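Input: a single structure, listed below in structure tokens.
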Amino acid sequence: MPIALDPSPALQEFAHPEKLVTTEWLAERIAAGEADGPELVVVESDEDVLLYETGHIPGAVKIDWHLDLNDQVTRDYVDGEAFAALMDRHGITRGTTVVLYGDKSNWWAAYALWVFELFGHEDVRLLDGGRAAWQAEGRELTTAEPTRAASSGYPVIERQDAPIRAFRDDVLGFLGGQLIDVRSPAEYTGERTHMADYPQEGTVRGGHIPTARSVPWARAAAEDGRFKPRAELEAIYLQELGYDAAQPTIAYCRIGERSSHTWFVLRYLLGFEDVRNYDGSWTEWGNGVRLPVAVGTEPGEAPAR
Amino acid sequence: MSPIDHTVPDAQDALPEAFQEIADDFHALGPKDRLQLLLEFSQSLPELPERYAEHPELLEPVPECQSPIFLVTEVEGSGREAIAHLFFSAPQEAPTTRGFASILAEALDGRTVGEVLDTPEGVTRGLGLAEVVSPLRLNGMAGMLARIKRQLVEKAGA
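Taken in order, these protein sequences are the chains called A and B. According to my numbering, the first sequence holds residues 155 to 459 in order. According to my numbering, the second sequence holds residues 2 to 159 in order.
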């Protein structure tokens, strides 16, 4: 049985309030011992692989996007066997409610959530505000290792990419559709190929995918790292972009982590029915031979085919 | 200098002495404890001296790193015999990057410019960290080392 939903009024306005929990709710569950067993497992997923070791939410386990979720050879996610082994190692069963949180307004936590959904894990939620909100409220962090026992028997599930993951050719056939580039404005125009202060991953062309609209991911986040209220999100994605929640939508960024954040906003907070994350993103597109590229602030035209 | 542990797949070339000691410490530990040791390094990264803390524009950014880090070098003397000093600034929320900086500070601060310049580029791969922090993240440490060397060449005329 999945654990009861967070009834906090602030969450109920969203299309899928069951995908979010508040810090208060999580703190109460932990205090009540409800996060000790297999019903509820709290997972930290950060950009910085050592941040968890500096102190984490009591009982939380760590899943690293790079070491645990990515295949170490092919540019892809782990397969069903590796995912099952990861779940078993952390005491997560197929019926476990997983609450993810992390640094940077939950970028990597949202990315991890998206990977959990590639494997169809039913009940995965985000801690609204992530690590920063928990810390800002002075809630407990500990360096004590979780005592959670490993489990066994997480089923080997074949990843279902198609519903929420877009590949290069999908995007090529989607030009002119609801395509969102969530990178910074300078990356969108082509002035630079990576975020300020971030590694250059060797992208040989700057710019954006023609017809993509620019909405930097952070516009969906409030100052405290929580998601903005629904009305403010609608003002951006529905009114400003004129997008329709019933129409297919694809989001991309540089490697797919920032666009996971936007994917979550569109899919679960605004209830878009069909949203895919293009995880190849600019590090694939900006290197692709003969792929069309638009530079400057305008979305540009889809090339005639 | 102790012999290279050939059971370690990523240690191919002999490491400089200063790195060898750090590498031995890491290789003596299992993966979880290696992270703990890296965390201890991150906690012992010296604070910036005031002359830099008040003048962040004097520090050079290292864009190869995942998280913002800035560094600056000083030299006492000139040429390869000059003594190199290294200073770093990285936020507490970036412990991995701080840990990398702290390892470089421990291994290279106070050595001669010549010794720093002779440090092989691949030194960061010999520490046993690739499997616990990922090779992608280790690129950040290599980026710091390259920038340190470039600054020292300019400043010491080496």
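Glycine included, each C-beta is placed from N, C-alpha and C at the ideal position. Keep in mind it's a predicted model, so treat the numbers as computed, not measured.
Notebook entry, point to check: Looking at the unbroken alpha helix (DSSP H) that takes in residue 414(A), where does it start and where does it end?
Noted result: Its alpha helix (DSSP H) spans residues 412-418.
Next item on the list: Let me know the secondary structure DSSP gives residue 401(A) once reduced to three states.
Entry: Per DSSP, reduced to three states, the secondary structure at residue 401(A) is coil, with no helix or strand assignment.
Margin query: Residues of chain B with CB closer than 9 Å to the CB of residue 222(A), please, in chain order.
Written below: For residue 222(A), no chain B residue has a C-beta closer than 9 Å to its own C-beta; the minimum C-beta separation is roughly 10 Å.
Checklist line | Where residue 305(A) sits in the DSSP three-state scheme | finding: Here residue 305(A) sits in coil by DSSP.
Next item on the list: Counting only runs of 3+ residues fully inside the region 220-277 of chain A, write out the beta strand (DSSP E) ranges in chain order.
Entry: Here the runs fully enclosed are 251-255.
Next item on the list: Taking residue 15(B) as part of the beta strand (DSSP E), name the residues at either end of that continuous run.
Entry: Neither: residue 15(B) is in no beta strand (DSSP E) and is coded neither H nor E.
Next item on the list: Identify the continuous alpha helix (DSSP H) that holds residue 117(B) and give its terminal residues.
Entry: Looking at the DSSP string, the run of the alpha helix (DSSP H) that includes residue 117(B) is 114-119.
Next item on the list: Verify whether the separation of the beta carbon atoms of residue 436(A) and residue 412(A) is less than 7 Å.
Entry: Against a cut-off of 7 Å, the Cβ pair of residue 412(A) and residue 436(A) comes out as no contact.
Next item on the list: Mark residue 51(B) as exposed unless 16 or more other C-beta atoms lie within 10 angstroms of its C-beta, in which case mark it buried.
Entry: Exposed.
Note to self: Out of 115(B), 99(B) and 113(B), which one is the CA nearest neighbour of residue 42(B)?
What the structure shows: Comparing Cα-Cα distances from residue 42(B) to each of 115(B), 99(B) and 113(B), the minimum goes to 99(B).
Notebook entry, point to check: Are the CB atoms of residue 167(A) and residue 384(A) nearer to each other than 7 Å?
Noted result: Yes, Cβ-Cβ distance for residue 167(A) and residue 384(A) is below 7 Å.
Next item on the list: Report the neighbours of residue 100(B) on chain A: residues whose CB is nearer than 7 Å to its CB, in chain order.
Entry: Residues of chain A passing the Cβ test: 204.
Notebook entry, point to check: How would you label residue 79(B), buried or exposed, when you count the other beta carbons within 10 angstroms and need 16 or more for buried?
Noted result: Its Cβ having fewer than 16 others within 10 Å, residue 79(B) is exposed.
Check: Which residue or residues does DSSP assign as beta-bridge partners of residue 406(A)?
Finding: 335(A) and 432(A), per the DSSP bridge assignment.
Checklist line | Runs of beta strand (DSSP E) lying entirely within the region 11-96 of chain B, each at least 3 residues, in chain order | finding: Runs of the beta strand (DSSP E) inside the region 11-96 of chain B: 71-77 and 84-90.
Check: Applying a beta-carbon distance threshold of less than 7 Å, which residues of chain B neighbour residue 296(A)?
Finding: The contacting residues do not exist; residue 296(A) stays about 14 Å from chain B at best.
Item checked: the region 76-93 of chain B / the region 104-116 of chain B touching (three or more Cβ pairs under 8 Å) -> At 8 Å Cβ cutoff, the stretches touch.
Next item on the list: Could you list the residues in the region 375-387 of chain A with a C-beta less than 7 Å from some C-beta on chain B, going in chain order?
Entry: The region 375-387 of chain A vs chain B, Cβ under 7 Å: nothing.
Check: Should residue 45(B) go down as buried or exposed, given a rule of 16 or more other Cβ atoms within 10 Å for buried?
Finding: Residue 45(B) is exposed by the Cβ-count criterion.
Check: Helix, strand or coil: which one does DSSP assign to residue 449(A)?
Finding: Coil.
Checklist line | Cβ contact (3+ pairs, closer than 8 Å) linking the region 394-410 of chain A and the region 418-438 of chain A | finding: Cβ pair count under 8 Å is three or more, so yes.
Check: Using the beta-carbon count (16 or more within 10 Å), is residue 443(A) buried or exposed?
Finding: Label assigned to residue 443(A): exposed.
Check: Would you say the region 281-290 of chain A touches the region 300-308 of chain A, given that touching needs at least three Cβ pairs under 8 Å?
Finding: Touching, no, given that fewer than three Cβ pairs across the two stretches are closer than 8 Å.
Notebook entry, point to check: Do you know how far the Cα of residue 40(B) is from the Cα of residue 419(A)?
Noted result: C-alpha separation (whole angstroms): 34 Å.
Checklist line | Members of the region 256-275 of chain A that neighbour chain B once the beta carbon cut-off is set at 8 Å | finding: Cβ contacts with chain B come from 257.
Next item on the list: Consult DSSP for residue 368(A) and reduce its assignment to one of helix, strand or coil.
Entry: If DSSP states are grouped into helix, strand and coil, residue 368(A) belongs with the strands.
Notebook entry, point to check: Tell me, which residues are paired with residue 216(A) by DSSP?
Noted result: Looking at the DSSP assignment, residue 216(A) forms a beta bridge with 198(A).
Note to self: Rounded to whole angstroms, what is the Cα-Cα separation between residue 449(A) and residue 148(B)?
What the structure shows: If you draw a straight line from the Cα of residue 449(A) to the Cα of residue 148(B), it is about 31 Å long.
Check: Roughly how many angstroms separate the alpha carbons of residue 10(B) and residue 128(B), rounded to a whole number?
Finding: Because residue 10(B) carries a pLDDT of 43, less than 50, the predicted location of this residue cannot be relied on, and the following value inherits that uncertainty. Pairing residue 10(B) with residue 128(B), the inter-Cα distance amounts to about 11 Å.
Next item on the list: With a 10 Å radius around its C-beta and 16 neighbouring C-beta atoms as the bar for buried, classify residue 151(B) as buried or exposed.
Entry: With fewer than 16 other Cβ atoms within 10 Å, it is exposed.
Next item on the list: Determine whether the Cβ of residue 91(B) lies closer than 7 Å to any Cβ atom of chain A.
Entry: So, not an interface residue.
Notebook entry, point to check: Who are the near neighbours of residue 304(A) in its chain, counting only those whose CB is closer than 7 Å to its CB and skipping five residues on each side?
Noted result: If we look at residue 304(A) and ignore the five residues flanking it on each side, its Cβ neighbours are 242, 243 and 245.
Next item on the list: Determine, using beta carbons only, whether residue 4(B) comes closer than 7 Å to chain A.
Entry: For residue 4(B), the predicted model reports a pLDDT of 43, less than 50, meaning its position is unreliable and no value from the coordinates is stated.
Next item on the list: Using beta-carbon positions only, say whether residue 223(A) and residue 269(A) come within less than 7 Å of one another.
Entry: It is a contact, given that the beta carbons lie within the stated cut-off.
Next item on the list: For residue 208(A), return the contacting residues in chain B, with the cut-off set at a CB-CB distance below 9 Å.
Entry: For residue 208(A), the C-beta contacts it makes with chain B under 9 Å involve 40, 43, 44, 93, 94 and 96, in order along the chain.
Note to self: Once DSSP output is grouped into helix, strand and coil, what is the label at residue 328(A)?
What the structure shows: Taken through DSSP and simplified to helix, strand or coil, residue 328(A) comes out as coil.
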